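Encoded as structure tokens, the structure appears first; notes follow it.
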């Protein structure tokens with residue numbers, strides 16, 4: 044399954060420029076349309092041409108019409124997840140679906156936020172596999188999930204066993220509970236720099252090749268985002284204990 048939200052609908056793209064270079068539904072296009080609606084015999088060709096007296100008069104109305112048309116297009120795009128352009132528009136969409144549980148993160152780009160909303164919308168839920176998929180997509184690596192009453196996780200004493208590997212102790216007194224071990228990606232990439240993995244680079248507190256900044260900190264997934272992802276897909280009534288590193 045892909046880790047990127049891929050919708051099956053697209054907002055209609057803006058029309059391409061005409062062969063003469065004019066922009067459909069721009070001020071000049073609206074001016075031409077207005078002039079075509081007027082009685083043609085009332086004005087000579089020079090007045091109706093760009094720069095003419097009639098053209099100058101209708102251009103004011105045409106500019107307002109073009110601005111209204113542009114705003115209508117922006118409003119239409121803001122109503123669709125795939126075409127909303129700003130964090131504010133995407134936050135309205137997220138609030139419609141999830142209330143206040145999926146706000147944008149500090150420093151998050153519109154595309155990254157759009158992807159989180161889309162994944163939340165179409166992820167499976169209510170199963171152990173749904174929990175695994177959600178955390179894998181969010182953090183980039185599969186979590187360790189242990190159900191203490193599940194022989195598949197903790198084994199049983201009615202078959203051959205060995206102590207040559209790490210074992211897990213089950214507990215039948217912990218029904219409807221599970222443990223999740225997961226961690227954030229081992230490295231982060233700043234928006235304007237390379238991977239910061241050690242202190243032997245040309246780093247400093249003023250200007251340097253490497254450094255810590257707000258863009259880097261914003262890419263570290265907060266604990267609350269991980270918990271929200273778990274709560275969104277786990278079955279109701281099940282307690283999930285999380286070890287996050």
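In this note's numbering, the protein residues as written are 44 to 288.
From the three backbone atoms N, C-alpha and C, an ideal C-beta is built for every residue, glycine too.
From a predicted model like this one, the values you see are computed outputs, not experimental measurements.
Review point. By the 10 Å Cβ neighbour count, where 16 or more other Cβ atoms means buried, how is residue 277 classified, buried or exposed?
Key: Its Cβ being crowded by 16 or more others within 10 Å, residue 277 is buried.
Exercise for review: Can you give me the start and stop residues for the beta strand (DSSP E) that residue 283 sits inside?
Suggested key: Annotation for residue 283: the continuous beta strand (DSSP E) segment containing it runs 282–287.
Practice item. Have a look at residue 125 and residue 86 and give me their C-alpha separation to the nearest angstrom. Key: Approximately 46 Å, taken between the alpha carbons.
**Study point:** Proximal residues to residue 247 (C-beta, below 6 Å), its chain only, five neighbours per side dropped
**Key:** Bear in mind that the predicted position of residue 247 carries a pLDDT of just 42, short of 50, making it unreliable; the figure below should be weighed with that in mind. Within the same chain, residue 247 has no close Cβ partners at all.
Check your understanding: Going by beta carbon distance, what residues of the same chain come within less than 6 Å of residue 281, once the five residues before and after it are set aside?
Key -> In chain order, 219 place their CB closer than 6 Å to the CB of residue 281, counting only its own chain and leaving out the 5 sequence neighbours on each side.
Practice item. Assign residue 41 to one of two classes, buried (16 or more other C-beta atoms within 10 Å of its C-beta) or exposed (fewer than that). Key: The chain is shown from 44 up to 288; residue 41 falls before or after that span and cannot be answered.
Practice item. Let me know the secondary structure DSSP gives residue 169 once reduced to three states. Key: Three-state result, residue 169: coil.
Practice item. Identify, in the order they occur along the chain, each residue of the same chain with its Cβ nearer than 7 Å to the Cβ of residue 283, setting aside the five sequence neighbours on each side. Key: Answer for residue 283: 221, 223, 273, 277, listed in chain order.
Practice item. Could you give the DSSP three-state label for residue 129: helix, strand or coil? Key: Three-state result, residue 129: coil.
Check your understanding: Per DSSP, residue 141 is paired with what?
Key -> According to DSSP, residue 141 bridges with nothing at all.
Practice item. For the segment 117–134 and the segment 92–104, state whether three or more C-beta atom pairs, one from each stretch, are separated by less than 8 Å. Key: With the cut-off at 8 Å, the segment 117–134 and the segment 92–104 do not touch.
Exercise for review: Report the residue from 171, 182, 145 whose alpha carbon sits nearest the alpha carbon of residue 195.
Suggested key: Of 171, 182, 145, the residue nearest in Cα terms is 171.
Check your understanding: Under the three-state reduction of DSSP, which class applies to residue 225: helix, strand or coil?
Key -> Three-state DSSP puts residue 225 in a strand.
Check your understanding: By Cβ distance below 6 Å, which residues in the same chain neighbour residue 279 in space, the five residues on each side in sequence not counted?
Key -> Closer than 6 Å at the Cβ level, and outside the excluded window around residue 279, lies no residue.
Check your understanding: Should residue 112 be flagged as near chain B, meaning a C-beta pair shorter than 7 Å?
Key -> You won't find chain B in this structure, because it holds only one protein chain.
Check your understanding: Is the segment 106–120 touching the segment 141–148 in the sense that three or more CB pairs, one from each, lie closer than 8 Å?
Key -> Judged by Cβ distances under 8 Å, the segment 141–148 makes no contact with the segment 106–120, as fewer than three pairs qualify.
Check your understanding: So what's residue 83 in DSSP terms, helix, strand or just coil?
Key -> Residue state, collapsed to three classes: helix.
Check your understanding: Below 7 Å between beta carbons: does that hold for residue 265 and residue 225?
Key -> Contact: no.
Check your understanding: Is it the case that the Cβ atoms of residue 78 and residue 91 are separated by a distance below 7 Å?
Key -> For residue 78 and residue 91, yes; Cβs fall inside 7 Å.
Exercise for review: Look at the alpha carbon of residue 182 and the alpha carbon of residue 156, and state the distance between them as a whole number of angstroms.
Suggested key: For residue 182 and residue 156, the distance between alpha carbons rounds to 15 Å.
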